[in-house]
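In this text, residue positions in the sequence shown follow the working numbering: the first is 2, and each later residue adds one. Virtual Cβ for every residue (Gly too), placed ideally from N, Cα, C. Fair warning: this is a prediction, and the values are worked out from it, not measured in the lab. Report on the structure given below.
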Amino acid sequence: MDAKAVCEQLQPVMTELRAQLPQDVDYMTKLTGVQAIFLSGNCLLNYTYVVSAKHFLQEMSAENQLSAEENLELLQTDDGINAVKSVFSDMAKNAAAAHFAVFTTIPKIKITYSHSFDNQKIPSQTTVVLDNTQLPEMD
Numbered sequence: 002m003d004a005k006a007v008c009e010q011l012q013p014v015m016t017e018l019r020a021q022l023p024q025d026v027d028y029m030t031k032l033t034g035v036q037a038i039f040l041s042g043n044c045l046l047n048y049t050y051v052v053s054a055k056h057f058l059q060e061m062s063a064e065n066q067l068s069a070e071e072n073l074e075l076l077q078t079d080d081g082i083n084a085v086k087s088v089f090s091d092m093a094k095n096a097a098a099a100h101f102a103v104f105t106t107i108p109k110i111k112i113t114y115s116h117s118f119d120n121q122k123i124p125s126q127t128t129v130v131l132d133n134t135q136l137p138e139m140d
């Protein structure tokens, strides 16, 4: 199967899923958008999430014993942004192994997660879950 066939097969699935959005992923995260686009020979799968800043800050406070306000300030620094990137990167690695393993051998597929927060003070993050766009196409 090639990237174009993957995208074509995923279109009806994505359309059906979009009709059910937003959908709770966990107590702090909602899936708000999904799309499969075939562009320039690549199948691009995008998942968009909104994260509850309140719950995210509570989780941070439980980990680092800082107040929610202190953590909100931290998330606006390079160290804080890098910490958030690390959290979402770990999630992406787990997702790649658990949910997207079937795509690992198919060239020209890229899967991304975009996380934004319901508090604009916390920067959004885009994480690459899987990127096979550089793999040579199979004959």
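Apart from sequence neighbours up to five positions away, the residues of its chain that approach T113 with a beta-carbon distance below 8 Å are L45, L46, N47, Y48, T127, T128, V129 and V130, ordered along the chain. Nearest neighbour of T30 by Cα position, chosen from Q135, L22 and A4, turns out to be L22.
Our two residues, E70 and Q121, have alpha carbons roughly 14 Å apart in a direct line. The residue among A20, L11 and S41 with its C-alpha nearest the C-alpha of T134 is S41. Within the same chain, Cβ atoms closer than 6 Å to the Cβ of E138 are found at P108, the five residues on either side in sequence being excluded. The alpha-carbon of K5 is positioned some 25 Å away from that of L32. According to the DSSP assignment, T127 belongs to the beta strand (DSSP E) that extends over Q126 to D132. Taking 8 Å as the cut-off, the Cβ atoms of H100 and V52 do not count as close.
Contact check for K111 against D79 fails: the beta carbons are separated by 8 Å or more. When DSSP states are grouped into helix, strand and coil, F39 belongs to the strand group.
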